[in-house]
Structures are given as C-alpha cells and as structure tokens.
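Peer 1: Quick one: the structure is below, and I'll ask about it shortly.
There are 2 protein chains.
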Amino acid sequence: MDLFIGMDLGGTNLKYALGTENGEIILKLSRPSFADQAQNKIFENMFTAVNELLAEAEKRGEKISAIGVGSPGSIDFEKGQLIGSTPNLKSWTKAPIKKNLEEHFNIPAWADNDANVMALAEARKGAGRGYKNILCLTLGTGIGGGIIIDNQVLRGAHYSAAEVGHIIIEYNGKKCNCGNRGCFEVYASAPAMVARYRKKLRRTGVAYAIDELNTKLIFKKAELNEDLAKETIYETCEYLGAGIASIANIIDPEVVVIGGGVANAGAEFIQCIENAVKQYSIKAITKHLKVVNAEMGNDAGIVGAILLAVESLKMVNSL
Amino acid sequence: MDLFIGMDLGGTNLKYALGTENGEIILKLSRPSFADQAQNKIFENMFTAVNELLAEAEKRGEKISAIGVGSPGSIDFEKGQLIGSTPNLKSWTKAPIKKNLEEHFNIPAWADNDANVMALAEARKGAGRGYKNILCLTLGTGIGGGIIIDNQVLRGAHYSAAEVGHIIIEYNGKKCNCGNRGCFEVYASAPAMVARYRKKLRRTGVAYAIDELNTKLIFKKAELNEDLAKETIYETCEYLGAGIASIANIIDPEVVVIGGGVANAGAEFIQCIENAVKQYSIKAITKHLKVVNAEMGNDAGIVGAILLAVESLKMVNSL
Numbered sequence: 217m218d219l220f221i222g223m224d225l226g227g228t229n230l231k232y233a234l235g236t237e238n239g240e241i242i243l244k245l246s247r248p249s250f251a252d253q254a255q256n257k258i259f260e261n262m263f264t265a266v267n268e269l270l271a272e273a274e275k276r277g278e279k280i281s282a283i284g285v286g287s288p289g290s291i292d293f294e295k296g297q298l299i300g301s302t303p304n305l306k307s308w309t310k311a312p313i314k315k316n317l318e319e320h321f322n323i324p325a326w327a328d329n330d331a332n333v334m335a336l337a338e339a340r341k342g343a344g345r346g347y348k349n350i351l352c353l354t355l356g357t358g359i360g361g362g363i364i365i366d367n368q369v370l371r372g373a374h375y376s377a378a379e380v381g382h383i384i385i386e387y388n389g390k391k392c393n394c395g396n397r398g399c400f401e402v403y404a405s406a407p408a409m410v411a412r413y414r415k416k417l418r419r420t421g422v423a424y425a426i427d428e429l430n431t432k433l434i435f436k437k438a439e440l441n442e443d444l445a446k447e448t449i450y451e452t453c454e455y456l457g458a459g460i461a462s463i464a465n466i467i468d469p470e471v472v473v474i475g476g477g478v479a480n481a482g483a484e485f486i487q488c489i490e491n492a493v494k495q496y497s498i499k500a501i502t503k504h505l506k507v508v509n510a511e512m513g514n515d516a517g518i519v520g521a522i523l524l525a526v527e528s529l530k531m532v533n534s535l
Numbered sequence: 217m218d219l220f221i222g223m224d225l226g227g228t229n230l231k232y233a234l235g236t237e238n239g240e241i242i243l244k245l246s247r248p249s250f251a252d253q254a255q256n257k258i259f260e261n262m263f264t265a266v267n268e269l270l271a272e273a274e275k276r277g278e279k280i281s282a283i284g285v286g287s288p289g290s291i292d293f294e295k296g297q298l299i300g301s302t303p304n305l306k307s308w309t310k311a312p313i314k315k316n317l318e319e320h321f322n323i324p325a326w327a328d329n330d331a332n333v334m335a336l337a338e339a340r341k342g343a344g345r346g347y348k349n350i351l352c353l354t355l356g357t358g359i360g361g362g363i364i365i366d367n368q369v370l371r372g373a374h375y376s377a378a379e380v381g382h383i384i385i386e387y388n389g390k391k392c393n394c395g396n397r398g399c400f401e402v403y404a405s406a407p408a409m410v411a412r413y414r415k416k417l418r419r420t421g422v423a424y425a426i427d428e429l430n431t432k433l434i435f436k437k438a439e440l441n442e443d444l445a446k447e448t449i450y451e452t453c454e455y456l457g458a459g460i461a462s463i464a465n466i467i468d469p470e471v472v473v474i475g476g477g478v479a480n481a482g483a484e485f486i487q488c489i490e491n492a493v494k495q496y497s498i499k500a501i502t503k504h505l506k507v508v509n510a511e512m513g514n515d516a517g518i519v520g521a522i523l524l525a526v527e528s529l530k531m532v533n534s535l
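Sequence order for the protein chains is A and B. Residues 217 to 535 (the working numbering) are what the first sequence spells out, left to right. Residues 217 to 535 (the working numbering) are what the second sequence spells out, left to right.
The following block contains the structure:
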C-alpha cells in the first residue's frame with residue numbers, strides 16, 4: 217500500500233503525518249515550526265519531519281507516493297509557492313514549498329493555503345461529506361474560510377479566494393487590521409465577541425482583566441443564564457448570520473461548516489447562527505441550507521494535506 | 217452549417233435570434249413577451265417565435281441543432297425549469313421551459329437564469345473574453361449578477377448563486393424590497409443613486425418631479441461640473457466599491473464586467489468604481505483586478521442564449 221505525507225505548518229507547530237489514500241492517519245507527529253527563524257531553517261525542519269516519516273514508512277515496507285503541505289499565506293497552487301508574505305512566519309515570503317520538497321526528496325509535492333486544505337478535509341472526511349458546494353469558516357482571532365464549488369477547492373484567479381473575514385458588512389464601520397473599515401471579522405471574530413461582552417459588563421460596573429475574559433467564559437456564563445452573556449452571543453450570531461448570508465448569496469452552498477475555537481460552543485450556538493443566516497439571505501438559497509459544526513478538529517490540517525497529496529497526484533496521473 | 221436559436225425572455229419583450237456555433241447572430245427579432253398573460257400564452261408566443269426562426273433556417277437550407285433560453289427567475293438548470301416565481305412574469309412560476317420546447321419541437325433545449333446567460337455572453341464574446349474568472353454585474357433598478365469560475369457559470373447548489381444585489385453592506389441599514397436591511401442594491405442601484413441626488417438637491421431648495429430625475433441626468437450634470445451630481449456619483453462609486461470588493465474577496469476574479477443602463481456613463485465612472493474596489497478589498501486580489509464596461513449591450517441576452525445552446529449540446533454530446 218502506497219502512503220502519503222501530510223504537513224500542516226502553523227505559527228507554533230509543524231504537524232506531520234503518514235496517511236493512506238483514503239485520508240486515514242497512520243502516524244501523527246508534531247514539532248515546533250521555528251516560525252521566527254530564517255526560511256531555510258523552516259525548510260530544514262520540514263525536511264527532518266519528512267525524513268522521520270520516510271524512515272517510518274520504510275520500517276513498514278511502504279513507499280511514499282506524494283507530499284501535501286498546508287501553509288499560511290496565499291499560495292500559487294501551480295508553483296506550490298507563497299505569493300507574498302504571511303504575518304506569523306516572517307521569513308516565509310515567497311517560500312518555494314513544492315520546489316524545495318521535490319528537489320530534496322524526489323517525491324511529488326503540493327502546497328496550498330491552510331484554510332483551503334482544512335476545507336478539503338471537512339469536504340471529504342468531515343462535516344461536508346456528501347456535499348458538493350461547501351462554505352467552511354474558521355472562527356478565531358480572525359475569520360478564515362475555504363470554499364468548495366462542485367467538489368473542487370475554489371482558489372481564485374490570484375489564489376486568494378475565500379478571504380471571507382474581509383467582506384464589508386458595515387459600510388464605513390469599525391477599523392479592521394487589514395486597513396479597511398467594517399470587515400466581517402471586526403464584528404464576528406472571537407476578540408469582537410469578547411469586546412462586546414466587556415462593554416456590556418462595564419456598563420454594569422463589572423470589570424475583568426483582559427486575560428480573564430474569553431469566549432469560553434462567555435458561553436459558560438450564558439449556560440448559567442447570565443443575560444449579558446446571552447445577549448453577547450445572540451448579537452454575535454446576528455453578525456455571523458449577516459456575513460455568512462452575504463457569502464451564501466454569492467456562492468449558494470449546500471452546507472456551512474463552522475470550525476475554530478469558538479465553534480465548539482455547542483449545538484445551540486450553531487442553531488442560533490443558522491437562524492440568523494436564514495433571516496439575512498435569499499430564501500431560495502437558504503431554505504435547504506444547513507449550518508453545522510466542523511468535525512475534523514485539530515486533524516483537519518494534516519488530513520487535508522494528505523488528501524491534497526492524494527488528489528493532486530491522481531489528477532496529474534490522469535492527465 | 218447547423219444553426220442555433222437563442223431566446224431572451226424579459227418582462228416586456230421576447231428577443232429571439234438565429235445564430236452560429238460561434239455565437240454570431242444571423243437574424244435577430246423581437247415581439248412582446250405577454251408577461252401579464254397565462255403561462256401557456258407565454259409559451260405559445262415562444263413557440264411562434266421558434267417557428268419563425270425554423271422557417272427562416274429552412275429557407276436557408278439549414279437545420280436547428282439546439283435552443284437556448286434566458287429567463288428571469290432561479291432556474292433548475294438540469295430540468296430547465298423555474299424553481300419558484302419571478303416578479304415580472306406573474307404566471308411564470310415553475311415554468312417547464314426545457315420540457316415544453318423539447319416536446320413541441322423535438323429539438324434539444326436548455327434554459328438558464330438571464331443574468332447567467334448574459335455573463336456567458338460577456339465571458340465568451342464580450343468584455344470577459346480571455347478571462348477564466350469573471351464577475352458580471354448589471355446596474356439598473358436592482359443589481360443583478362452572473363459569475364464565471366474557471367470558465368463555467370457558477371449556478372450554485374440551489375441554482376441561486378450570484379444574488380449579488382442582496383449581500384449586506386450595511387448591517388441593520390436601509391430596508392430592501394427583499395425584506396432584509398442594508399442590501400448592496402439599496403445603496404448602489406440606479407434608484408439609490410437618484411434618491412441620493414434628490415436628497416442633496418432638496419437641501420439646496422431645488423426639487424425635481426420624480427420622473428424628471430434619472431441617472432443619465434445626474435451624469436450629464438456632473439459633466440457640466442455640478443458639485444452635487446459629482447458628489448452623488450462619487451458616493452455611489454464608493455458603495456459599488458464596497459459591494460464589489462466583498463464579492464471579489466470571496467471569489468477572487470480577474471475582471472469585473474459592469475453592464476446595465478447606468479454602466480454606459482463612461483470611462484471615468486468605471487475608473488471611479490475600480491479605484492473604490494481596490495481600496496476596499498484585499499490587495500492580493502485586486503492588485504491585478506480590472507473593472508471594465510460590458511460590451512455586448514442589448515445583445516447579451518440572445519447571444520448568451522445561443523451560446524448556452526451551443527455549449528450545452530457540446531457537453532451532452534461529449535458525455
């Protein structure tokens with residue numbers, strides 16, 4: 217049985233795994249990603265990781281057919297290379313991921329944006345199974361996204377599609393880190409939710425230290441029936457609904473898969489988002505639209521990277 | 217040479233044409249669409265139109281290979297049938313366009329939403345020639361849209377993609393006809409532009425009768441250097457920029473094609489929109505993005521319908 221390597225490069229860790237053609241993980245490992253070091257150090261670290269997995273495959277008497285990598289940043293999929301820079305890996309600008317891996321190992325390699333890779337994992341093995349048109353959102357410090365159209369990852373003309381966090385939902389609204397105003401993630405990300413709750417608390421005279429407040433605490437308080445927490449969650453769902461409805465009005469998906477830290481808040485939160493999406497979008501689109509929790513959790517990145525390798529190799533071989 | 221029939225069904229007229237495999241129009245005709253009559257009357261009218269073109273083809277010693285129809289409303293492309301209703305043709309609910317034409321003429325027929333058909337025309341023969349990822353917008357009473365991804369029309373899971381006029385650009389903003397608030401078209405359609413100008417005029421004590429004001433007049437006044445008109449156009453461009461940027465952030469197109477009555481205002485208006493789009497969107501996406509005028513004008517609908525017939529027939533024959 218031929219095996220595949222999947223790598224999920226993050227700002228903190230490099231996760232890497234040996235997997236099958238079906239995206240099943242055989243062995244899963246992790247090491248620091250050395251994100252603050254020079255580009256060649258990050259590559260050397262990746263080479264070490266691949267060598268470990270090659271040794272493991274050999275021990276099992278198996279061969280590695282292809283390598284897939286999910287990385288932050290916009291990635292030219294044909295070249296497997298970063299187009300610009302990415303904030304959490306300063307030296308990673310224009311990193312030629314595909315080229316360096318292929319030259320070093322003489323094994324076909326592919327690289328794609330991490331959100332696209334995660335969307336691929338949810339589409340094939342997770343909450344998007346059985347659907348052909350999927351919107352995946354990651355709710356965290358920002359709002360990331362991956363889109364599947366007709367079973368294929370939507371990469372866009374400049375490999376920058378699905379910048380969902382920066383659609384404008386409030387014209388001339390609050391400032392965003394991107395330099396614009398009124399972006400979706402300014403109103404519906406985890407920090408936005410925390411800021412909203414803090415503001416409400418202040419009005420009642422309660423003040424939390426910055427690091428004491430997080431979305432987990434807000435959901436906990438809501439469970440305990442605290443009105444301000446419940447209000448905060450409801451308002452966040454409304455903004456999430458408006459943003460997701462806008463995206464749904466454009467791509468008309470069958471299912472919206474919500475992942476990221478905030479998404480584990482439970483079925484009620486997801487239902488609250490679905491209600492808001494249905495309210496804010498065109499009925500023809502959302503009558504049958506489902507909003508669901510992501511299922512792949514922390515494995516989404518490596519499973520998606522394995523599947524990227526599997527599917528890209530199949531496509532090349534079929535040409 | 218085999219010929220094709222294209223039909224463009226509107227609220228006022230049914231345009232119909234005989235065309236070649238390359239989308240060239242050989243003969244172009246028009247008749248009232250009888251939009252206020254019963255569904256079978258509208259079909260009978262379409263049958264009469266097809267018969268005229270069949271007679272014309274026979275006179276030329278040619279055969280009709282397929283029929284394409286662009287119609288208002290969401291259309292199940294596989295069935296060639298309206299999914300729900302459409303406001304300007306009251307009896308047109310669930311109209312089985314493909315089935316009725318095929319049964320009546322025994323010629324393969326396809327139907328698609330009129331905005332999709334127009335986008336197809338611009339993509340193959342108009343301002344989108346040579347591009348694979350295209351956003352087409354029609355600025356008029358509302359804002360309509362068609363999207364081409366990787367050379368294919370994006371129809372969506374429920375055949376309702378590209379409802380671009382109803383993305384939300386101002387959360388909890390002005391009321392829209394769709395029932396929601398803050399929709400793109402409430403701020404950037406022709407009536408929105410006229411209302412904005414009227415409001416500015418009122419402040420200066422000038423009042424126009426409702427039917428005296430239109431976008432053409434505003435552009436004329438701007439040409440004559442009237443400040444209020446110039447302001448109105450600039451503000452409209454800003455809203456257009458915000459809405460188009462949101463869509464571009466999601467699908468990452470190479471080109472945005474602007475059609476509809478308002479779009480003929482000239483190169484300066486288009487440049488003003490492009491500037492705003494570049495300001496409001498992610499740089500990676502819009503650095504190379506072009507905003508251009510539609511080129512197909514009033515022929516977009518029939519040329520698109522001819523191409524729909526040509527390409528659908530080719531696809532079926534290649535299966």
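Think of the CB as a built atom: it goes at the ideal place given N, C-alpha and C, for glycine as much as any other residue.
1) Out of A/Met512, A/Met217, A/Gly517, A/Thr236, state which residue places its alpha-carbon closest to the alpha-carbon of A/Glu278.
2) Tell me, which residues are paired with A/Trp326 by DSSP?
3) Write down every uninterrupted run of the alpha helix (DSSP H) in the stretch 240-294 of chain B whose length is 4 residues or greater and which is fully enclosed by it, in chain order.
4) Counting pairs of beta carbons, one from the stretch 472-483 of chain B and one from the stretch 516-535 of chain A, are three or more of them closer than 8 Å?
5) Could you tell me which chain A residues have their CB closer than 8 Å to the CB of B/Leu523, listed as they occur along the chain?
6) What residues from chain A crowd round B/Glu379, counting only those whose CB sits closer than 9 Å?
7) Give, in chain order, every unbroken run of the beta strand (DSSP E) that is at least 3 residues long and sits entirely within the stretch 459-499 of chain A.
8) I'd like to confirm the pairing. Which residues does DSSP put opposite A/Gly361 in its beta bridges?
9) For A/Ala265, would you say it is in contact with chain B, using Cβ-to-Cβ distances shorter than 8 Å as the test?
10) Among A/Ile323, A/Ser290, A/Phe220, A/Lys310, whose alpha-carbon lies nearest the alpha-carbon of A/Asp330?
11) Quick one: list the residues of chain B neighbouring A/Ser290, beta-carbon separation under 7 Å, in chain order.
12) Report the residues of the stretch 355-380 of chain B with a CB closer than 9 Å to any CB of chain A, ordered along the chain.
13) In whole angstroms, give me the CA-to-CA distance for B/Ile460 and A/Lys391.
14) Along the stretch 451-462 of chain A, what residues have a CB closer than 9 Å to any CB found in chain B?
15) Per DSSP, which residues does B/Val410 bridge with? Please list them.
16) So with CB distances below 7 Å, who are the chain A contacts of B/Glu386?
17) Looking at A/Ala273: is its Cβ nearer than 8 Å to the Cβ of A/Ile280?
18) Judging by CA-CA distance, which residue of B/Ile463, B/Gly476, B/Ala339, B/Ala423 is the nearest neighbour of B/His382?
19) State the DSSP-derived secondary structure class of B/Ile385, mapped to helix, strand or coil.
20) In this structure, does DSSP put B/Cys392 in helix, strand or coil?
21) If we define contact as Cβ-Cβ less than 8 Å, is B/Gly296 a contact residue for chain A?
22) Which first and last residues belong to the beta strand (DSSP E) in which B/Asn509 is found?
23) Ignore the nearest five residues each way along the sequence and tell me which others in A/Glu511's own chain have a CB closer than 6 Å to its CB.
24) Starting from the beta carbon of B/His320, find every residue of chain A whose beta carbon is closer than 8 Å, and list them in chain order.
25) Can you tell which of A/Cys453, A/Thr236, A/Val526, A/Val380 has its C-alpha closest to the C-alpha of A/Lys494?
26) With 8 Å as the threshold, decide whether the Cβ of B/Ile449 is near any Cβ in chain A.
27) Using 8 Å as the threshold, is the C-beta distance between A/Asn322 and A/Phe259 below it?
28) Report the option in A/Leu535, A/Ala521, A/Leu219 whose CA atom is closest to the CA atom of A/Trp326.
Peer 2: Straight from the coordinates:
1) A/Met217
2) A/Gly284
3) 255-275
4) no
5) Per Cβ cutoff of 8 Å: no residues; B/Leu523 is ~20 Å from chain A at best.
6) Ala464, Asn465, Ile466, Asp468, Ser497, Ile498, Ala500, Ile501
7) 471-475
8) A/Leu353
9) no
10) A/Ser290
11) Ala500
12) Gly361, Ile363, Ile365, Asp366, Gln368, Leu370, Arg371, Gly372, Ala373, His374, Tyr375, Ser376, Ala377, Ala378, Glu379, Val380
13) 19 Å
14) Glu454, Tyr455, Ala458, Gly459, Ala461, Ser462
15) Per DSSP, none; premise fails for B/Val410.
16) Glu386, Tyr387
17) yes
18) B/Ile463
19) coil
20) coil
21) no
22) 506-509
23) Gly342, Ala343
24) Chain A residues near B/His320: none, gap ~28 Å exceeds 8 Å.
25) A/Cys453
26) no
27) no
28) A/Ala521
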